[in-house]
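Asker: What follows is a structure written as C-alpha cells; I'll ask about it next.
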Amino acid sequence: MRRPHIRTVAVAVAVATAATGLAGTAFAGPSSEVERSAASAASNATVVVEAARTAAFAHASATGVSEGDALLAQDVMIDPEGARHVRFVRTHNDLPVLGGDLIVHLDGKLAYTGVTRAADHSVKPAAAKAKLTAGQAAAKAAKAAKGDASSAQLVVDARGGASALAYQVTVTDQDSSRTVVVDAVTGKVRSNTPDRDEFLSPKLLDTLRERGETIDPATGAGSASTASGLAGSGLSGVTHYPTSARGTGKTLFVGNVALTTTATSRGHYQLKDPSRYGTETRDAKGSYTEKFSAGSRFTSTTNVWGNNATSSRVSAAADAQYGITKTLDFYKSTFKRKGIANNSKPALAMVHWGKKVANAFWDPTCNCMLYGDGDGQMFKKPLVVLDVTGHELTHGVVEATANLQPTFVDSEGNQYGEPGSLNESLADIFGSNVEFYAKNAKDTPDYLVGEKLGLAQKFLRRLDRPSLDKLEGTIDYWSPDTFYTEVHAGSGVSSHAYYLLAEGSGKKKIGSVTYNSPTYHNITVKGIGRTKATAIYYRALTRYMVSTTDFHQARIATLKAAKDLYGANSTEYKTVSRSWAAVNVTVANTPSARH
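Using numbering that gives the first Met the number 0, you'd call the opening residue of the sequence shown number 0 and step up by one each time.
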C-alpha cells in the first residue's frame with residue numbers, strides 16, 4: 000500500500016471530454032477540436048482551484064477546514080457535463096496533515112455542491128508542542144522498523160478519529176523501506192507501514208511455504224496474435240537519432256510481441272519507448288537500488304529482445320515492457336489518462352531486482368515497478384505476468400488519486416482495513432481490464448488474477464466468487480469483521496460487487512472461463528457490461544474516493560459516479576446499488592462509527 004505521506008503538489012490542467020462511456024475522466028486529453036491551449040487550461044485550473052479553496056473555508060462545518068489550515072491542490076477535474084472537482088491535501092500551521100485530504104465539488108458556475116473528506120473531524124491536534132525531540136523520534140522509529148532512520152519530520156496525524164502531533168520517519172534496510180509515525184507527545188508508534196505494495200503478501204508467502212507449494216509458471220516460445228509485423232527495425236532511410244523503431248519482444252509469458260523501442264543510432268537500439276513518454280525497463284542486476292538511474296540500460300543490435308526463456312536476462316524485460324505499455328495504453332485509450340500520474344511522464348521498471356526476491360511491486364520511492372526473479376525454490380520465475388503488472392501499476396494510479404491507505408499493519412507487514420482492501424480490489428479490477436484491453440492470445444482475458452502463476456488452485460484471486468481463493472481466504476461479502484481482514488482477502492467485497500455490476504449473478508461462460516457468481520440472500524443482479532462498470536469505478540476513484548474510503552463510502556462514490564454518467568433514474572445507477580446489496584453493503588448496515 001502507499002506510505003502515509005504528503006504527495007508532491009502538482010495541478011494538471013487538461014479538460015476531460017465525453018459524458019458517457021469510459022471517457023470523460025480526470026485530466027483527460029481531449030480531441031483536438033476541443034483542446035485548449037496550455038496557458039488557457041492553466042488559467043482555467045487556477046480559477047477552479049481558487050473557487051474550491053474559497054468554498055472549502057466558506058463551508059467549514061461541512062469540509063472540516065479551520066483556522067491554521069492551508070489547502071494544496073493535487074488534482075483538478077473538469078467534467079464535460081460541467082461539474083468541477085478539486086482534490087486537496089492539507090497542512091495545519093505549516094505542518095503536513097496525514098489523513099487530511101478532501102475533494103471539493105463545484106458546479107459549472109463554480110458554486111459549492113459538496114465535499115468528500117478523509118478526516119471526519121478538525122485536524123487541529125490536542126497538543127501544540129512536541130515533548131520528543133526529532134532525534135528521539137527517529138530512534139524509536141528505527142527500533143520499531145529495524146532499520147536506519149532518516150530525519151524525523153513533524154506532522155499532524157489526523158487518521159483514526161483524533162488528531163495528534165507526530166513525527167514521520169522513513170526507515171530503510173537493505174531491501175525495503177517503511178514509514179513510521181511516532182506520537183510527538185507520548186512516543187507511541189502510531190503506524191509502521193511498508194512503503195511498497197508487494198503483489199504477494201507476507202501472509203500468502205507463509206501459506207505457500209506451509210503447504211510446500213512450488214510455483215513454476217509455464218513459459219515458452221510462440222507468436223501471440225499481437226505480434227504481426229515484427230520483422231525488421233521499422234526504419235526506412237531515417238538519419239536523425241534517436242528515433243522510434245519497431246522491435247520484437249520474445250517474452251516468457253505472452254509469446255512474441257511488438258515493442259516500440261528507441262534507435263539510438265543505425266543498428267543500435269534501447270528498450271525505451273519514445274511513443275509512450277520514454278517508458279523504459281532496465282536491469283537492476285541483483286541490486287536493491289531504488290534509483291532507476293542506477294539500473295543498466297537494455298541495448299541491442301538486432302531489436303529483438305529475449306528468447307522466450309529465462310536463459311536470457313532480456314526475456315523478463317520484454318514481458319515487463321510489454322505489460323507496462325499495455326497498461327499505459329489501457330488507461331489512455333479508456334480514460335484519456337496520460338501516464339500513471341496523468342502527467343505525461345514515463346512509467347519505469349527494473350527487472351532482476353534484488354537477490355532471490357519472490358515478488359513484484361510498485362515502489363513509490365523510485366516511482367517505478369520492481370520485479371524479483373523468484374527465490375529459486377518456492378517461486379522459480381520472475382513475476383512479470385501481464386495482470387501482475389496491470390495490478391501493480393494501478394497502485395500507482397490509486398496513489399496519484401485517492402491514495403487509499405491501510406488502517407493498520409501487523410508486525411509481519413500484513414496490512415488491514417477496508418481502504419487498503421479497496422486499494423487491492425481496484426488493482427485487481429483494472430489489472431483484469433488490462434488483460435481485456437491487450438487481447439493477447441497467450442494470456443486470454445478473464446476475471447481471474449494471477450492465473451498464469453502456476454498455482455495449484457489455478458489462480459490467485461477471482462472476481463466472480465472471491466471465496467474460491469483458499470490461499471488468502473478471500474471473502475465474498477461484507478461483515479463488521481471485514482475491517483480486521485488482511486487487505487488482499489478483504490478485497491473480495493468490492494471486486495465481487497464490480498463483477499456483479501459488469502456481468503451479473505449466476506452461471507455463465509465468458510471466453511474460455513466458466514463463472515458462477517453467488518450473492519448475499521440470493522439477490523439477482525443483471526450486469527450492465529464491463530465497459531460501463533469500469534467507467535463508473537474509475538470515475539468513483541478519481542472524483543469521490545479519498546485516503547480513508549471504506550466499502551460503504553465506496554458504495555456512495557460509485558452511486559455518485561453512476562449518477563454523473565447515466566443519471567439518478569438510470570438502470571446503471573440502480574444496478575450499482577443492487578450490486579453492493581448483493582455483497583451485503585447497504586445503507587441499513589452502515590457502521591455508526593468509522594474505524
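The C-beta atom is built at its ideal place from N, Cα and C for all residues, glycine as well.
Report, in whole angstroms, the separation of the C-beta atoms of Glu417 and Phe550, which I expect to be a contact under 8 Å.
Answerer: About 5 Å; that satisfies the 8 Å criterion.
Asker: For Leu131 versus Val181, is the C-beta spacing smaller than 9 Å?
Answerer: Yes, these two residues count as a Cβ contact at 9 Å.
Asker: Grouping DSSP H, G and I as helix and E and B as strand, with all else coil, what is Gln73?
Answerer: Residue state, collapsed to three classes: strand.
Asker: Are the segment 300–316 and the segment 350–357 touching by the rule of at least three beta carbon pairs closer than 8 Å?
Answerer: Taking 8 Å as the limit for Cβ pairs, the verdict is that the segment 350–357 does touch the segment 300–316.
Asker: With 16 as the cutoff for other CB atoms within 10 Å, does Tyr240 come out buried or exposed?
Answerer: Classification of Tyr240: exposed, given that the 10 Å Cβ count is below 16.
Asker: Tell me the rounded alpha-carbon separation between Val154 and Val122.
Answerer: Rounded to the nearest angstrom, the two C-alpha atoms are 11 Å apart.
Asker: Ignore the nearest five residues each way along the sequence and tell me which others in Asp463's own chain have a CB closer than 8 Å to its CB.
Answerer: Taken in chain order, the residues that qualify are Tyr446, His495, Tyr498, Glu502, Tyr514, Asn515, Ser516.
Asker: Would you kindly check if the distance between the Cβ of Glu398 and the Cβ of Gly430 is under 9 Å?
Answerer: For Gly430 and Glu398, no; Cβs fall outside 9 Å.
Asker: Of the residues Tyr565, Gly449, Tyr330, which one's Cα is nearest the Cα of Asn358?
Answerer: Of Tyr565, Gly449, Tyr330, the residue nearest in Cα terms is Gly449.
Asker: Throw me the rounded Cβ distance for the Glu485 and Gln414 pair, which I believe falls under 8 Å.
Answerer: That belief holds up - the Cβ atoms of Glu485 and Gln414 are roughly 7 Å apart, short of 8 Å.
Asker: Is the distance from the Cβ of Glu244 to the Cβ of Thr260 below 9 Å?
Answerer: Correcting the residue type first, residue 244 is Ala in the shown sequence and not Glu. Taking 9 Å as the Cβ cut-off, Ala244 and Thr260 qualify as a contacting pair.
Asker: Anyone know if the C-beta pair for Arg323 and Asn366 falls short of 9 Å?
Answerer: In the sequence as displayed, the identity of residue 323 is Ile instead of Arg. No; because the gap between Cβ atoms is not below 9 Å, this pair is not in contact.
Asker: Secondary structure at Asp244, three-state DSSP: helix, strand or coil?
Answerer: In the sequence under discussion, the amino acid at residue 244 is Ala, which differs from the Asp named in the question. It is a strand residue.
Asker: Of the choices Pro193, Leu270, Gln167, whose alpha-carbon is the least far from that of Lys187?
Answerer: The residue with the shortest Cα to Cα distance from Lys187 is Gln167.
Asker: What residue ranges within the segment 103–179 form continuous alpha helix (DSSP H) runs of no fewer than 4 residues, ordered along the chain?
Answerer: Fully enclosed alpha helix (DSSP H) runs of 4 or longer: 133–144.
Asker: Alpha carbons only, please: which of Ala117, Leu425, Phe329, His520 is nearest the one belonging to Gly160?
Answerer: Ranking Ala117, Leu425, Phe329, His520 by Cα distance to Gly160 puts Ala117 first.
Asker: Cα-Cα, which of Leu382, Gly419, Phe378 is closest to Glu212?
Answerer: Here the closest residue by C-alpha is Phe378.
Asker: Given this structure, state the Cα-to-Cα distance separating Ser162 from His91, to the nearest angstrom.
Answerer: Taking the straight line from one Cα to the other gives about 11 Å.
Asker: So, helix, strand or coil for Val350, using DSSP?
Answerer: Note: Val350 maps to strand in three-state DSSP.
Asker: Taking only the alpha-carbon atoms, compute the straight-line gap between Ser591 and Lys559 and give it to the nearest angstrom.
Answerer: Cα to Cα, Ser591 sits roughly 21 Å from Lys559.
Asker: Just checking my contact of Trp361 with Asp196 at CB under 8 Å: how many whole Å lie between their CB atoms?
Answerer: Trp361 to Asp196, Cβ: 6 Å. Contact.
Asker: Tell me which residues share the same chain as Thr300 and place their Cβ nearer than 8 Å to its Cβ, disregarding the 5 neighbours each side in the sequence.
Answerer: Contacts found: Gly266, His267, Tyr268.
Asker: In the DSSP assignment, the beta strand (DSSP E) including Phe596 goes from what residue to what residue?
Answerer: Shown here, the chain extends from 0 to 594; a query on residue 596 therefore has no answer.
Asker: What is the DSSP secondary structure of Arg538, reduced to helix, strand or coil?
Answerer: Here Arg538 sits in helix by DSSP.
Asker: Using a Cβ-Cβ cutoff of less than 6 Å, which residues in the same chain neighbour Asn583 once the five nearest sequence positions on both sides are dropped?
Answerer: Here the set comprises Tyr476, Trp477, Tyr519.
Asker: Can you have a look at Ala580 and say buried or exposed, based on whether 16 or more other CB atoms are within 10 angstroms of its CB?
Answerer: Buried: at least 16 other Cβ atoms inside 10 Å.
Asker: Which parts of the segment 302–352 are runs of the beta strand (DSSP E), unbroken and 3 residues or longer, counting only runs that do not cross its ends?
Answerer: The qualifying runs are 347–350.
Asker: Does the distance from the CB of Ala437 to the CB of Phe329 come in under 9 Å?
Answerer: Contact flag set, yes.
Asker: Tell me which residue opens and which closes the beta strand (DSSP E) that Phe435 is part of.
Answerer: Unbroken run through Phe435 is the alpha helix (DSSP H), 417–437; no beta strand (DSSP E).
Asker: CA-CA distance, Ala157 and Gly99?
Answerer: Taking the straight line joining both Cα atoms gives about 6 Å.
Asker: Just the C-alpha distance for Phe407 and Asn302, rounded to the nearest angstrom, thanks.
Answerer: Answer to the nearest angstrom: the Cα atoms are 47 Å apart.
Asker: By DSSP, does Ala488 sit in helix, in strand, or in coil?
Answerer: Helix.
Asker: Do Ala317 and Thr250 have their CB atoms nearer than 9 Å?
Answerer: Their beta carbons are under 9 Å apart, which means Ala317 touches Thr250 by this criterion.
Asker: Cα-Cα, which of Gln404, Asp172, Ala69 is closest to Val48?
Answerer: Ranking Gln404, Asp172, Ala69 by Cα distance to Val48 puts Ala69 first.
Asker: If you check the beta carbons only, do Ala401 and Ser546 fall under 9 Å apart?
Answerer: Against a cut-off of 9 Å, the Cβ pair of Ser546 and Ala401 comes out as a contact.
Asker: Applying the criterion that 16 or more other CB atoms from any shown protein chain within 10 Å of the CB defines a buried residue, is Tyr173 buried or exposed?
Answerer: Here the sequence assigns Gln to residue 173, which means Tyr is not the residue at that position. Exposed, since its Cβ has fewer than 16 Cβ neighbours within 10 Å.
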